[in-house]
Amino acid sequence: MANFKVFNDKFAALFRKRIKDDDGGQFWLNFVEKADWAVLEKVLENIADDKEQQRRISGKAYIVAPGLKELQIDYFSSWHKKREDERRQNGTYGYCSHCGGNGYVFVLMDEHKRAIDVTKPFKAPLYAGPQLAACRCRMGERFDKQAPFDWRQHNAQYGFPLEYPTNHPNHPMSGDDMIRKYMQENWTNRPIDR
0 MANFKVFNDK
10 FAALFRKRIK
20 DDDGGQFWLN
30 FVEKADWAVL
40 EKVLENIADD
50 KEQQRRISGK
60 AYIVAPGLKE
70 LQIDYFSSWH
80 KKREDERRQN
90 GTYGYCSHCG
100 GNGYVFVLMD
110 EHKRAIDVTK
120 PFKAPLYAGP
130 QLAACRCRMG
140 ERFDKQAPFD
150 WRQHNAQYGF
160 PLEYPTNHPN
170 HPMSGDDMIR
180 KYMQENWTNR
190 PIDR
């Protein structure tokens, strides 16, 4: 979270203008205090650089400070790009971190068709096995249009992706493999012959 005083000092240093109450200060304050300071600071510096280049080209004596709307547009664009980069580094390539963007996960269902947390000791129906279920993301909604969101969210919480990205510790195992592994370890009422 950004501090408005620090923001205003930076703004004044770059644009030789401070944000005051009669400039819509409350709107600036609401925006700034919810913003990610690292992203906001970088955006301010980029806007200042762009405006300085425009000033030199036009021959003006000073640069014009950005308005709140201009700053918000650049901020949210940069913030979304940062989020996409983080997802890409996590191996999810901008898609859902639960399913990897294909819309479904492997789960083990109980007799009520709810995903089971297989990472802890659990009881399951006699013929239980890994199966595909819709994820909570938009692709999961497309995969199963009739499924309620809370059910899909539960699947995402306890499910495993179809395959793990190459930089994931569980690669090259699939979600199917992970469930079978946990079934061997944690299925408390497992039939003897399994």
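0 is the number of the first residue of the sequence shown in numbering that gives the first Met the number 0; add one for each residue after it.
Cβ atoms here follow ideal geometry from the backbone N, Cα and C, with glycine treated the same way.
Since we're looking at a predicted model, the values are computed, not measured.
- Specify the secondary structure class of M172 as computed by DSSP and reduced to three states. Coil at M172, not helix or strand.
- Message: One question on the structure: do W36 and A12 come within less than 9 Å of each other, judged by their Cβ atoms?
- Response: No, Cβ-Cβ distance for W36 and A12 is not below 9 Å.
- Query: What does L131 pair with, by DSSP beta-bridge criteria?
  - Reply: BP columns for L131 point to F105.
- Message: Distance check for K50 and F3, CA to CA, integer angstroms please.
- Response: Going by the C-alpha atoms only, they are around 22 Å apart.
- Report the partner residues of F121 according to the DSSP bridge assignment. For F121, which the question treats as bridged, DSSP gives the partners W186.
- Item | Coarse secondary structure for A114, derived from DSSP in three states | Strand at A114.
- Roughly how many whole angstroms lie between the Cα atoms of H111 and G128? Looking at the backbone, the Cα of H111 and that of G128 are separated by about 14 Å.
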